[in-house]
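Engineer: Numbering (our numbering), first residue to last: 62 to 405.
Cβ atoms here follow ideal geometry from the backbone N, Cα and C, with glycine treated the same way.
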Amino acid sequence: MTNPDGHVTRPLAGGPALERTLFEVKKVVVGQDQMVERMLVGLLARGHVLLEGVPGVAKTLAVRTLAEAIGGTFKRLQFTPDLMPGDIVGTRVWRPSSDSFDTELGPIFANLVLADEINRAPAKVQSALLEAMAERQVTIGGRTFALPAPFLVLATQNPIESEGVYQLPEAQRDRFLLKVDVGYPSDVEELTILQRMSVDPPRAHLTLELADVEELQRATDRVFVHHAVAQYAVALVIATREPHRFGLGHLDGVIDFGVSPRATLGLVAAGRALALLRGRDYVLPGDVADIAPDVLSHRLVLSFEAVADGADPRALVGEVLGAVRMPEVAPGQHDSVVGATGHA
């Protein structure tokens, strides 16, 4: 087997393990295939994931099930307006018996952390979480503590409530590799949920050890990215900053600020992870195009008028994808993507 650059590639050692992990999670979580796939993309690419959907669509269940499948520790943080930073990262506690302070580590010290309704917490809590997400460490009483590896924050937002919620700062939104919109299941999936979960619901079995996950993360880093694919990712990012260069002049007044260079890195990293999940050790342009709405849309800063008019960031990213020409780096590349996802 050769990659698009003509080099011989080896079979992916982690392919069967990833397939088994997907199977175990989907055994418990009915439907929501894209959410489950994107969660694994975030895990492989070491990027945090923001899940937005109404209550009851299996967001928490999916995160807990993934933790069970990879043998990692799982903690759920219920964000509320009265939450304090110490409730998340930990605090120093005075011990009269030893006449000294001890450090009590908080629930952030877990492999998979579910930040439930993240937009309900005030700015101080968001800043504490931001350090953990960005640096994978926390500071308590002047001492720095490293978080366990692998470490992944999966945060949820409820899009239908506006009371008692805070808008996530742009800097924090930028720290999420992916934002996934989680919708309702179909009627067939709803019936399956009723049959499968109402009595004796299934549990996921262990398919990976944490050391295997870290090895898969390193394998993701080695996935080949053709120069043309890298240029395509850069062009998509530039098109959000300078739409007129790509024939999208009407977006100049809609997008105030395009995405950051962190989005370029995230787009390639997520493309690598998606390619690995699809059984390849090289990235096709279709991988980048498929993952782009989840990587770019939440990073766009829209103008006041666009927000007032209800502009959809995902639709804007769709316009960008339509305007930027996808390169041809391998024969049949579109067929490969269609075969893996079911759509172009």
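Please state whether the Cβ-Cβ distance between PRO168 and LEU127 is less than 7 Å.
Structural biologist: no
Engineer: GLN278 lies in the beta strand (DSSP E); which residues open and close that run?
Structural biologist: Looking at the DSSP string, GLN278 is not in any beta strand (DSSP E); the run it does join, the alpha helix (DSSP H), is 271-282.
Engineer: The alpha helix (DSSP H) spanning PHE365 covers which residue range?
Structural biologist: 365-369
Engineer: Distance, Cα to Cα, LEU175 vs ARG125?
Structural biologist: One C-alpha to the other measures close to 8 Å.
Engineer: Give me the DSSP bridge partner(s) of ALA176.
Structural biologist: LEU138 and ALA216
Engineer: Going straight from the alpha carbon of GLN187 to that of MET387, what length do you get?
Structural biologist: 38 Å
Engineer: Can you tell which of THR121, LEU83, ILE316 and ALA207 has the C-alpha that lies nearest to the C-alpha of GLY151?
Structural biologist: ALA207
Engineer: Output the boundary residues of the beta strand (DSSP E) element that contains ASP163.
Structural biologist: From DSSP, the beta strand (DSSP E) with ASP163 extends over 161-166.
Engineer: I'd like to know whether the C-beta atoms of VAL249 and GLY114 end up nearer to each other than 7 Å.
Structural biologist: no
Engineer: Alpha carbon to alpha carbon, how far is ILE201 from PHE140?
Structural biologist: One C-alpha to the other measures close to 20 Å.
Engineer: Within the segment 288-364, note down every full alpha helix (DSSP H) run reaching 4 residues or more, in order along the chain.
Structural biologist: List check, alpha helix (DSSP H) in window: 288-302, 322-338 and 346-357.
Engineer: In whole angstroms, what is the alpha-carbon distance linking ALA123 and ALA189?
Structural biologist: If you draw a straight line from the Cα of ALA123 to the Cα of ALA189, it is about 25 Å long.
Engineer: For PHE307 and THR301, what's the separation of their Cα atoms in angstroms?
Structural biologist: 10 Å
Engineer: For the beta strand (DSSP E) holding LEU111, just list the boundary residues, first then last.
Structural biologist: 109-113
Engineer: Excluding the 5 residues preceding and the 5 following SER321 in the sequence, name in chain order all residues of the same chain whose CB lies nearer than 8 Å to its CB.
Structural biologist: ASP235 and ARG360
Engineer: Mind reading off the beta-carbon distance from THR281 to ALA130? Whole number of angstroms is fine, and I expect it under 8 Å.
Structural biologist: THR281 to ALA130, Cβ: 17 Å. No contact.
Engineer: For VAL362, which option in LEU229, ASP163 and ARG197 has the closest C-alpha, if you only look at C-alpha atoms?
Structural biologist: LEU229
Engineer: Tell me the rounded alpha-carbon separation between LEU338 and GLY76.
Structural biologist: 7 Å
Engineer: For VAL399, which of helix, strand or coil comes out of DSSP?
Structural biologist: Low confidence applies to VAL399: its pLDDT is 44, below 50, so where it sits in the model is not reliable, and the reading given next is rough at best. Residue state for VAL399 is assigned as helix, using DSSP reduced to three classes.
Engineer: Going by C-alpha to C-alpha distance, which of PRO220, ASP273 and ILE299 sits closest to VAL385?
Structural biologist: ILE299
Engineer: Whose C-beta lies closer than 7 Å to the C-beta of LEU166 among residues of the same chain, with five residues either side of it excluded?
Structural biologist: If we look at LEU166 and ignore the five residues flanking it on each side, its Cβ neighbours are GLY151 and PHE206.
Engineer: Using 10 angstroms around the beta-carbon of THR164, count the other beta-carbons present and answer buried if the total reaches 16, otherwise exposed.
Structural biologist: exposed
Engineer: When DSSP labels each residue in this structure, what does PHE170 get in the three-state scheme?
Structural biologist: coil
Engineer: Just to confirm, are PRO263 and LYS88 a CB contact at a threshold of 7 Å?
Structural biologist: yes
Engineer: Would you report the Cα separation of PRO354 and TYR245, rounded to the nearest angstrom?
Structural biologist: Going from the Cα of PRO354 to the Cα of TYR245 covers about 19 Å.
Engineer: Does GLY347 pass the burial test, meaning 16 or more other C-beta atoms within 10 Å, or should it be called exposed?
Structural biologist: buried
Engineer: I need the boundaries of the alpha helix (DSSP H) containing ARG234, first residue and last residue.
Structural biologist: Note, ARG234: alpha helix (DSSP H), 231-236.
Engineer: Compute the Euclidean distance between the alpha carbons of LEU312 and ASP143, then round it to the nearest angstrom.
Structural biologist: 39 Å
Engineer: Less than 7 Å between the beta carbons of LEU173 and PHE135, yes or no?
Structural biologist: Pairing LEU173 with PHE135 gives a Cβ-Cβ distance under 7 Å.
Engineer: Quick one: measure Cβ to Cβ for LEU357 and VAL378, integer angstroms, because I've assumed they're closer than 8 Å.
Structural biologist: 5 Å
Engineer: So, helix, strand or coil for ILE201, using DSSP?
Structural biologist: strand
Engineer: Identify, in the order they occur along the chain, each residue of the same chain with its Cβ nearer than 8 Å to the Cβ of GLN93, setting aside the five sequence neighbours on each side.
Structural biologist: The residues VAL118, ALA119, ALA123, VAL243 and PRO246, in chain order, have a CB closer than 8 Å to that of GLN93 in the same chain once the five nearest residues on each side in sequence are set aside.
Engineer: My understanding is that LEU326 touches LEU239, with C-beta atoms under 8 Å, so please give their C-beta distance in whole angstroms.
Structural biologist: Contact check for LEU326 and LEU239: beta-carbon distance about 13 Å, past the 8 Å limit, so the pair fails to qualify.
Engineer: What are the boundary residues of the beta strand (DSSP E) that includes VAL154?
Structural biologist: 151-156
Engineer: How far does the alpha helix (DSSP H) with GLN93 in it reach, from first residue to last?
Structural biologist: Segment: none, GLN93 is in no alpha helix (DSSP H) and carries neither H nor E.
Engineer: Cβ of VAL102 within 7 Å of Cβ of ALA331?
Structural biologist: yes
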